[in-house]
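Asks: Numbering (the numbering used here), first residue to last: 705 to 856. Even glycine gets a Cβ: it sits at the ideal position worked out from N, Cα and C. Here the structure is a predicted model, which means the values were calculated and not measured.
Structure representation (structure tokens):
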């Protein structure tokens, strides 16, 4: 009699566990990622972009940059996010990455983000308006009319 009751309890408990696990699985997965060290870098249309290039559907409580545009070149976006962290919105285009800070629009290009970050830190506090084009190596071009280029 004891044995039969034990099996019945065990069977009903396992079905309850399976039912709960189905609804808890996304949260357990996010908990696992947080323990592994795969932190979210940015908010993408489908969810959160992690440091390994995965997109996970999740709600974000902390302040992360929002990525818009085509994410074809994911490795370029990840290398940019590892170098530059204090950006609110990022547009990914064919010619590179575009960010905005106040009245300034920064065109970053596709590489050498570490050197360009130093220029970005110096120029974001100065009182200039327009487009700062850093796509070409060894050149920084200042253009007027930032709204037209940012919307393109």
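In this structure, how does DSSP classify residue 768 when only helix, strand and coil are distinguished?
Replies: DSSP places residue 768 in coil when its eight states are reduced to three.
Asks: Assuming residue 838 and residue 820 make a contact with CB atoms under 8 Å, what is their CB distance in whole Å?
Replies: Between residue 820 and residue 838 the Cβ distance is about 5 Å, and since that is below 8 Å, they are a contact.
Asks: Given this structure, state the Cα-to-Cα distance separating residue 782 from residue 762, to the nearest angstrom.
Replies: Near 19 Å, if we compare the C-alpha coordinates of residue 762 and residue 782.
Asks: Report yes if the CB atom of residue 770 is closer than 8 Å to the CB atom of residue 793, and no otherwise.
Replies: Against a cut-off of 8 Å, the Cβ pair of residue 793 and residue 770 comes out as a contact.
Asks: Can you list, in chain order, the stretches of the beta strand (DSSP E) that have 3 or more residues and sit fully within the segment 805–833?
Replies: Counting whole runs of 3 or more residues, the segment 805–833 contains the beta strand (DSSP E) stretches 808–813.
Asks: I'd like to confirm the pairing. Which residues does DSSP put opposite residue 782 in its beta bridges?
Replies: Paired residue(s): none; residue 782 is not in a bridge.
Asks: In the DSSP assignment, what are the bridge partners of residue 837?
Replies: According to DSSP, which records beta bridges pairwise, residue 837 is partnered with 811 and 845.
Asks: Helix, strand or coil for residue 744? Go by DSSP, reduced to three states.
Replies: Reduced to three states, the DSSP call for residue 744 is strand.
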